[in-house]
Structure formats: structure tokens, C-alpha cells
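Participant: Numbering (our numbering), first residue to last: 231 to 338. If you scroll down you'll find the structure; I have some questions about it.
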Amino acid sequence: MTSLDELLRLHGVTTVHVERWVARGLLRPRASGESWSFEQVDVARARLLAELGEDIGFDDDTVETVVSLVDQVHTLRGQLGLLARAIAEQPADTRKAIAVALQRLDGR
Numbered sequence: 231m232t233s234l235d236e237l238l239r240l241h242g243v244t245t246v247h248v249e250r251w252v253a254r255g256l257l258r259p260r261a262s263g264e265s266w267s268f269e270q271v272d273v274a275r276a277r278l279l280a281e282l283g284e285d286i287g288f289d290d291d292t293v294e295t296v297v298s299l300v301d302q303v304h305t306l307r308g309q310l311g312l313l314a315r316a317i318a319e320q321p322a323d324t325r326k327a328i329a330v331a332l333q334r335l336d337g338r
């Protein structure tokens, strides 16, 4: 876990930035007493938010849209991984039929 102070030092952002991101649901800190702590995923997300907003200059709405799209891609990658594992568990004939169908649908 990373404290708020550590997060601010790591990414050169202000408390106002972090509070705004938390209010918009872009970061999800854990409260321990009166202080926040952040998991690694939120630390990485804060870096992305800082880059998009401060370095690239996107406004808050655009940052939120980009992060939403990144989240969707991440979710889809996970679902595709599960699908690949499910297909790998099928008998060889079924896996071959799926491969043939994919090639046909892809136009090859």
C-alpha cells in the first residue's frame, strides 16, 4: 500500500488532483483513519492520470474517457484470456473446428 504523501511525491501531483480523481471515481483509496492509502493499481492509474492531464493536457472529461477505454480494453483482455483457456480445454476436434470457423469468418 502507498500513502497519499508517497503518491504525491511519486507523480508530482497535488492533493487537489488526487481529491478530484477520487471524487470522479478514477482512484479508489482505502481509508485508514483520516488518511488514504492506495493499492498498486491506483498508483499506476495516478501516473496515467497525471500524464494524460498534466503532460498531455487533456481536460478532465477526456481523461475520464481515456481511462474508461483503458479499463474496457483491460476487461476484454481478461475475458479473451478466459475464452482461450476454455477453448484449450476442449477436445482436439472441437479446437480444430473453432480454428476453421475463425479462419472462415476472418475471410481467409
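Just so it is clear, CB atoms sit at the ideal spot from N, CA and C, and this is done for glycine as well. Just so it is clear, the structure is predicted and the values come from calculations on it, not from any experiment.
I'd like to confirm the pairing. Which residues does DSSP put opposite T232 in its beta bridges?
Facilitator: F268
Participant: Roughly how many angstroms lie between the CA atoms of V252 and L313, to the nearest whole one?
Facilitator: Between the alpha carbons of V252 and L313 lies a gap of roughly 33 Å.
Participant: Once DSSP output is grouped into helix, strand and coil, what is the label at Q320?
Facilitator: In the displayed model, Q320 falls within coil according to three-state DSSP, outside both helix and strand.
Participant: Out of V248, V297, R275 and L299, point me to the one whose CA is closest to W266's CA.
Facilitator: Nearest option by C-alpha distance: V248.
Participant: P259 and L240: beta carbons closer than 9 Å?
Facilitator: no
Participant: Could you work out which residue in D290, L310 and L332 is closest to V246 when comparing CA atoms only?
Facilitator: D290
Participant: The alpha helix (DSSP H) that contains V248, what's its start and end?
Facilitator: T245 to A253
Participant: Under the rule that 16 or more other beta-carbon atoms within 10 Å means buried, what is V303, buried or exposed?
Facilitator: exposed
Participant: Mark R334 as exposed unless 16 or more other C-beta atoms lie within 10 angstroms of its C-beta, in which case mark it buried.
Facilitator: exposed
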